[in-house]
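Student: Taken in sequence, the protein lines are chains A and B.
When we follow my numbering, the leftmost residue of the first sequence carries the number 1, and every step to the right adds one.
When we follow my numbering, the leftmost residue of the second sequence carries the number 1, and every step to the right adds one.
Take this structure, written in structure tokens, and hold onto it; I'll ask about it next.
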Amino acid sequence: MYHKTLPYRIFSVFNYALLGAVSILCLLPMYHLLMVSLSSTAPANAGLVSFWPIGFTLEAYARTFDNVNFLTSLWVSVKRTVLGTGLALVVNAIAAYALSKDARVFRGRNVYLWYFVVTMLFSGGLIPGYILILKLGLMNKLMALILPGLVAVYNIILMLNFFRTVPRELEEAAFMDGAGHLRTFFSVYLPISLPSIATIALFTMVGHWNAYFDGLIYMKGAENLPLASFMQTVIVQGNMTSFDPDMIANMSQRTIRASQIFIGALPILLVYPFLQRFFVKGIVIGAVKE
Amino acid sequence: MNDTTLPNAKLTKAPGTRKKRGYRIPWTLHLMVLPAVVLVFVFSYLPMSGIIIAFQDYKAALGITGSPWVGLKHFNYMFENEYFVKIIGNTLLFACSKVVLNLIIPFTFALLLNEIRHMGYKRAIQTLVYLPHFLSWVILSGILIDLLSQTGIVNQFLMNLLGLDKPIFFLGDGTWFRLTIIFSDVWKEFGFNTIIFLAALAGINPSLYEAAEVDGAGRFKQTMYVTIPSLIPILIVVATLALGNVLNANFDQVFNLYSPMIYQQGDIIDTFVYREGLLSGQFSFATAVSLFKSVISLILIVISYRLAYKLAGYRIF
């Protein structure tokens with residue numbers, strides 16, 4: 001019994017302390033930011049705030065929610081996340097269902113699969129993609145943020161591996177009852193795979209919420225900018241030329257910047273407990289195949 | 001990807017059991033893949049064909065069909081450019097340091113975490129260390145810029161408690177910038193990267209430990225002779241698959257943290273492509289640079305998957 005020996009106990013004490021310290025280090029920056037956002041302007045600007053708020057106030061949050069540009073961007077982000085995730089799920093799941101069929105039932109399946117996998121290995125890159133959006137007339141349109149990344153080949157592979165674990169008898173029973181492929185998919189496969197589809201949905205949502213670069217290059221003007229791109233422009237680049245003049249004064253305040261970053265991260269923090277429950281499983285789904 | 005032939009596949013063809021019927025094309029299935037096929041064609045294959053502008057002097061007014069062909073001009077210019085050599089160096093430096101550290105640190109962390117016997121404590125640690133992976137680089141650089149500024153909490157800590165007399169320019173000094181890039185990436189990703197090792201640790205046969213214990217091995221020897229050898233295959237897989245990423249220094253991170261001051265030490269291929277292409281309008285040159293990167297990456301990915309298959313029997317499909 002090794003864990004009763006003295007050297008192992010000494011090691012254990014150090015180990016618990018070390019890992020505890022490392023995990024706190026992962027949370028600390030986020031926590032510090034929250035504390036800055038809850039403090040009064042003067043102590044925050046003077047750099048006095050460290051691990052608790054000084055002069056507690058919610059003023060920064062009130063000011064952030066007064067900011068028209070911020071609210072517009074928040075709305076654009078909500079739209080792209082909801083619409084983008086919904087569309088992506090439908091398109092990817094039905095494709096995954098078809099591709100989960102045996103090549104003897106669905107001739108051409110392997111051709112399709114390679115057609116998709118090639119795009120994981122090689123891409124045209126930034127400039128041709130940009131020219132395409134320009135030529136399609138999608139500049140400044142919400143669809144420019146949704147359509148290019150809609151087909152997620154990795155997610156299709158995850159889902160098709162999952163669909164293949166569905167017992168064949170269920171499918172046969174549905175066919176016997178006269179259901180077609182579409183009906184079988186919606187009435188049998190979809191309900192069974194709901195947990196794994198929910199996981200993929202959460203990951204897609206996080207991806208949409210965090211995406212900033214497409215908004216940065218395809219959206220001109222403040223009214224179409226998603227929140228992540230808005231924060232990139234204002235907080236990271238410090239570029240405020242296209243926004244309200246009174247916002248500029250606001251943004252120079254550390255507390256307001258902190259509150260905006262925190263609100264931007266909040267949806268992720270909220271879905272994180274659900275994500276965490278699923279993602280280990282989700283990775284296993286993709287890693288294990290028959 | 002090849003389907004294994006079922007043993008009863010021949011039975012259906014045997015006379016008497018079932019009449020041999022012609023193959024009916026499953027139109028519904030073809031229709032179900034159609035939306036994805038169309039979208040991939042438009043948004044992945046069309047841009048791939050757009051790569052030809054790397055061999056042209058692309059002008060938006062003339063379009064792809066009307067722009068003059070210039071052969072390898074942009075590639076020659078690229079290889080003669082001293083700055084290009086520099087950004088290749090930066091890219092390799094960032095990517096390789098991250099690959100190595102993101103292998104060693106999660107591996108060690110997983111081993112240490114494996115020694116935590118209190119389940120609640122273990123789960124709490126996991127929850128905390130996975131979290132940064134899900135936050136975007138926009139959020140994190142917003143935080144880092146604030147933390148690492150001259151009046152930020154890190155510099156205050158260094159000056160007040162460790163007695164440094166001058167603040168450190170973490171994001172404004174070349175060497176410090178490089179260290180910040182490498183270690184902030186490790187900080188963000190090490191937790192998430194432990195998952196794969198933890199899964200492998202859970203799969204080790206407990207009777208191996210029992211046998212080692214009977215032979216008188218302490219925990220350290222058990223780790224050396226049971227745990228680590230059991231993790232070697234997965235370590236090889238992760239290491240070889242990382243080979244495909246040696247030209248990916250993480251655009252999102254560098255783009256959100258760098259500034260013109262430290263381009264010499266901090267610029268990478270992807271950020272260079274963005275600035276040359278979209279900011280300076282050198283569409284053809286930028287495409288040539290990114291094509292160079294894509295081709296090398298493709299070769300590396302193919303090699304890495306072959307290696308992973310040969311060394312550890314790993315396949316994606």
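No residue lacks a Cβ here, since even glycine has one placed at the ideal position from N, Cα and C.
For clarity, every value in this text was computed on a predicted model and none was experimentally measured.
Taking Cβ positions, are B:Ile143 and A:Pro29 nearer each other than 7 Å?
Tutor: Position 143 of the second sequence, counting from 1, holds the residue named residue 143 of chain B. Position 29 of the first sequence, counting from 1, holds the residue named residue 29 of chain A. Cβ atoms of B:Ile143 and A:Pro29: closer than 7 Å.
Student: Using 8 Å as the threshold, is the stretch 211–226 of chain A in touch with the stretch 68–78 of chain A, meaning 3 or more CB pairs across them?
Tutor: Contact holds: three or more Cβ-Cβ distances are below 8 Å.
Student: Return the residues of the stretch 110–132 of chain B that lie within a Cβ-Cβ distance of less than 9 Å from chain A, sorted by chain order.
Tutor: Flagged, chain order: Leu112, Leu113, Glu115, Ile116, Arg117, His118, Tyr121, Lys122, Ala124, Ile125, Gln126, Thr127, Leu128, Val129, Tyr130, Leu131 and Pro132.
Student: By the 7 Å beta-carbon criterion, what residues does the stretch 283–305 of chain B contribute toward chain A?
Tutor: Listed by position along the chain: Phe283, Ala286, Thr287, Ser290, Leu291, Ser294, Leu298 and Ile301.
Student: Give a yes or no on whether 7 Å exceeds the smallest Cβ distance from A:His208 to chain B.
Tutor: Here residue 208 of chain A corresponds to residue number 208 of the first sequence, with the count starting at 1. It does not: the Cβ of A:His208 has no partner Cβ on chain B nearer than 7 Å.
Student: What would DSSP say about B:Trp69, mapped onto helix, strand or coil?
Tutor: For the purposes of this step, residue 69 of chain B is identified with residue 69 of the second sequence, where counting begins at 1. Reduced to three states, the DSSP call for B:Trp69 is strand.
Student: Does A:Gln232 come out as helix, strand or coil in the three-state DSSP assignment?
Tutor: Start at 1 with the first residue of the first sequence, and residue 232 of chain A comes out as number 232. Of the three classes helix, strand and coil, the one that applies to A:Gln232 here is helix, per DSSP.
Student: Applying the criterion that 16 or more other CB atoms from any shown protein chain within 10 Å of the CB defines a buried residue, is A:Phe274 buried or exposed?
Tutor: Numbered from its first residue, the first sequence carries residue 274 of chain A at position 274. With fewer than 16 other Cβ atoms within 10 Å, it is exposed.
Student: What residues from chain A crowd round B:Ala249, counting only those whose CB sits closer than 9 Å?
Tutor: Residue numbering aside, residue 249 of chain B sits at position 249 when the second sequence is read from its first letter. Per Cβ cutoff of 9 Å: no residues; B:Ala249 is ~15 Å from chain A at best.
Student: Say whether chain B places a C-beta atom closer than 7 Å to the C-beta of A:Met231.
Tutor: For the purposes of this step, residue 231 of chain A is identified with residue 231 of the first sequence, where counting begins at 1. Answer yes: the Cβ-Cβ gap between A:Met231 and chain B drops below 7 Å somewhere.
Student: Using alpha carbons as the reference points, say which of B:Val295, B:Tyr209, B:Ile125 and B:Ala217 lies closest to B:Val246.
Tutor: Position 246 of the second sequence holds residue 246 of chain B. Of the listed residues, the one whose Cα sits closest to B:Val246 is B:Val295.
Student: Between which two residues does the alpha helix (DSSP H) holding A:Asn45 run?
Tutor: In the first sequence, counting from the first residue as 1, residue 45 of chain A sits at position 45. Thr41 to Asn45 is the span of the alpha helix (DSSP H), which, as asked, contains A:Asn45.
Student: Between A:Tyr189 and the rest of its own chain, which residues show a CB-CB distance below 7 Å, the 5 nearest in sequence each way excluded?
Tutor: Taking the first residue of the first sequence as position 1, residue 189 of chain A is located at position 189. Closer than 7 Å at Cβ, skipping near neighbours: Tyr97, Phe163 and Val166.
Student: What span of residues does the alpha helix (DSSP H) with A:Gly86 cover, start to end?
Tutor: For the purposes of this step, residue 86 of chain A is taken as residue 86 along the first sequence, with counting starting at 1. From DSSP, the alpha helix (DSSP H) with A:Gly86 extends over Val68 to Leu99.
Student: For B:Ile182 and chain A, any beta-carbon pair shorter than 7 Å?
Tutor: Within the second sequence, the letter at position 182 stands for residue 182 of chain B. Answer no: the Cβ-Cβ gap between B:Ile182 and chain A never drops below 7 Å.
Student: In its own chain, which residues sit with a C-beta less than 7 Å from the C-beta of B:Asn102, not counting the 5 before and 5 after it?
Tutor: The residue given as residue 102 of chain B occupies position 102 in the second sequence. Only Val186, Glu189, Phe190 and Asn193 meet the Cβ criterion.
Student: Within a Cβ cutoff of 8 Å, which residues of the same chain sit near A:Gly47, ignoring the five residues on either side of it in sequence?
Tutor: What you label residue 47 of chain A is simply residue 47 of the first sequence in a count that begins at 1. Excluding positions up to five away in sequence, the list is empty.
Student: Measuring only between beta-carbons, confirm whether B:Ala242 sits less than 7 Å from chain A.
Tutor: Translated into positions along the second sequence, residue 242 of chain B becomes position 242. Not an interface residue.
Student: Give the residues of chain B in contact with A:Gln276, contact being defined as C-beta atoms less than 7 Å apart.
Tutor: Reading the first sequence from its first residue, position 276 is the one you call residue 276 of chain A. The answer, in chain order, is Thr127 and Tyr130.
Student: Got a sec? Which residues, its chain only, sit under 8 Å from A:Gly178 by beta carbon, not counting five neighbours each side?
Tutor: The sequence position of residue 178 of chain A within the first sequence is 178, counting from 1. If we look at A:Gly178 and ignore the five residues flanking it on each side, it has no Cβ neighbours.
Student: Under three-state DSSP, which class holds B:Gln56?
Tutor: Along the second sequence, one-based indexing puts residue 56 of chain B at 56. Residue state, collapsed to three classes: strand.
Student: On a CA-only basis, which of B:Trp137, B:Thr127, B:Tyr258 and B:Phe197 is nearest A:Gly20? Give me that one, please.
Tutor: In the first sequence, counting from the first residue as 1, residue 20 of chain A sits at position 20. Closest by alpha carbon: B:Thr127.
Student: Would you say A:Gly86 reaches chain B, if we count a Cβ-Cβ gap shorter than 7 Å as a contact?
Tutor: The residue labelled residue 86 of chain A in the question sits at position 86 within the first sequence. Not one chain B Cβ lies under 7 Å of A:Gly86.
Student: Near B:Thr287, which residues of its chain fall below 6 Å by C-beta distance, leaving aside the five closest residues on each side in sequence?
Tutor: Reading the second sequence from its first residue, position 287 is the one you call residue 287 of chain B. So the list reads Ile53 and Ala54, once near-sequence residues are dropped.
Student: In chain A, which residues lie with their C-beta within 9 Å of the C-beta of B:Leu39?
Tutor: Start at 1 with the first residue of the second sequence, and residue 39 of chain B comes out as number 39. Under the 9 Å cutoff, chain A gives Val91, Leu147, Pro148, Leu150 and Val151.
Student: Closer than 6 Å: is that where the CB of B:Ala60 sits relative to any heavy atom of the ligand MG?
Tutor: Looking for the ligand MG in the displayed structure turns up nothing, as the structure carries no ligands at all.
Student: Quick one: residues in its chain with C-beta nearer than 7 Å to the C-beta of A:Gly215, no 5 flanking neighbours on either side, listed in chain order?
Tutor: As a first step, residue 215 of chain A must be located in the first sequence, where it is residue number 215. Within the same chain, A:Gly215 has close Cβ partners Leu145, Leu225, Pro226, Ala228 and Ser229.
Student: Return helix, strand or coil for A:Ala17, following the three-state DSSP convention.
Tutor: Reading the first sequence from its first residue, position 17 is the one you call residue 17 of chain A. Helix.
Student: Going along the chain, which residues of the stretch 265–283 of chain B sit with their C-beta nearer than 7 Å to a C-beta in chain A?
Tutor: So the close ones are Val273, Tyr274, Gly277, Leu278 and Phe283.
Student: Taking the straight line between their C-alpha atoms, what separation do you get for A:Phe56 and A:Ile235?
Tutor: As a working note, residue 56 of chain A is residue 56 in the first sequence. As a working note, residue 235 of chain A is residue 235 in the first sequence. Spanning the two alpha carbons is a distance of roughly 23 Å.
Student: So which residues on chain B does A:Val105 lean against when the C-beta distance must stay under 7 Å?
Tutor: Reading the first sequence from its first residue, position 105 is the one you call residue 105 of chain A. Neighbours of A:Val105 on chain B, chain order: Pro26.
Student: From A:Ile156, A:Gly264 and A:Gln253, pick the residue whose C-alpha is nearest to that of A:Glu59; which is it?
Tutor: For the purposes of this step, residue 59 of chain A is identified with residue 59 of the first sequence, where counting begins at 1. For the residues A:Ile156, A:Gly264 and A:Gln253, the minimum Cα distance to A:Glu59 belongs to A:Gln253.
Student: Using only the alpha-carbon positions, how far apart do A:Leu270 and A:Cys26 sit?
Tutor: In the first sequence, counting from the first residue as 1, residue 270 of chain A sits at position 270. In the first sequence, counting from the first residue as 1, residue 26 of chain A sits at position 26. In a straight line, the C-alpha of A:Leu270 is about 17 Å away from that of A:Cys26.
Student: Alpha carbons only, please: which of B:Thr223, B:Arg219, B:Glu210 and B:Ile268 is nearest the one belonging to A:Leu6?
Tutor: Working through the first sequence from its first residue, we reach residue 6 of chain A at position 6. Considering only alpha carbons, the answer is B:Arg219.
Student: For B:Ala211 and B:Met224, what's the separation of their Cα atoms in angstroms?
Tutor: Residue mapping note: residue 211 of chain B aligns to position 211 of the second sequence, counting from 1. Residue mapping note: residue 224 of chain B aligns to position 224 of the second sequence, counting from 1. Approximately 14 Å, taken between the alpha carbons.
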